[in-house]
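Counting from 1 along the sequence shown, just add 59 to a position and that's the residue number in my numbering.
C-beta atoms are modelled at their ideal positions from N, C-alpha and C, and glycine is treated no differently.
As the structure is a prediction and not an experimental result, all values here were calculated from the model.
What follows is a set of notes on a single structure, which appears directly below.
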Amino acid sequence: MPLPDIQLDDRTFDQLVADAMRRIPAFTPEWTDLNDSDPGVTLVQLFAWLQEMILWRLNQVPDKNFIEFLKLIGIELTQPTPAKGELTFSLSTPTPP
């Protein structure tokens, strides 16, 4: 049984930066230089990167909790096994020698 893919927060680095940059004029209207060379923008990008790392860790929690819940109700995960099956190959048209 595959585990479901649960994302608590699926925002990306670019989305986090865009959201923060969109809020800058509302909170600091005197900040007008929003180029990548601005130290403030560098800090915004740094904090967005840190937030993305935290969100990645946060999204790992549901898998761990789901596995622990399965253990709690007595279901153990089994190791993956390779698929087995019989195959028959045949030519659709005869090939000349």
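May I ask you to report which of helix, strand or coil DSSP gives residue i?
{"i": "D64", "result": "coil"}
{"i": "N94", "result": "coil"}
{"i": "T101", "result": "helix"}
{"i": "D69", "result": "coil"}
{"i": "A107", "result": "helix"}
{"i": "F134", "result": "Residue identity check: residue 134 is Ile in the sequence provided, not Phe. I134 falls in the coil class under three-state DSSP."}
{"i": "K143", "result": "coil"}
{"i": "P84", "result": "helix"}
Let me know if residue i comes out buried or exposed under the rule of 16 or more other beta-carbons within 10 Å of its beta-carbon.
{"i": "A107", "result": "buried"}
**OP:** Indicate whether the contact test is met: 3 or more Cβ pairs, each with one atom in the region 97-117 and one in the region 72-87, closer than 8 Å.
**Re:** yes
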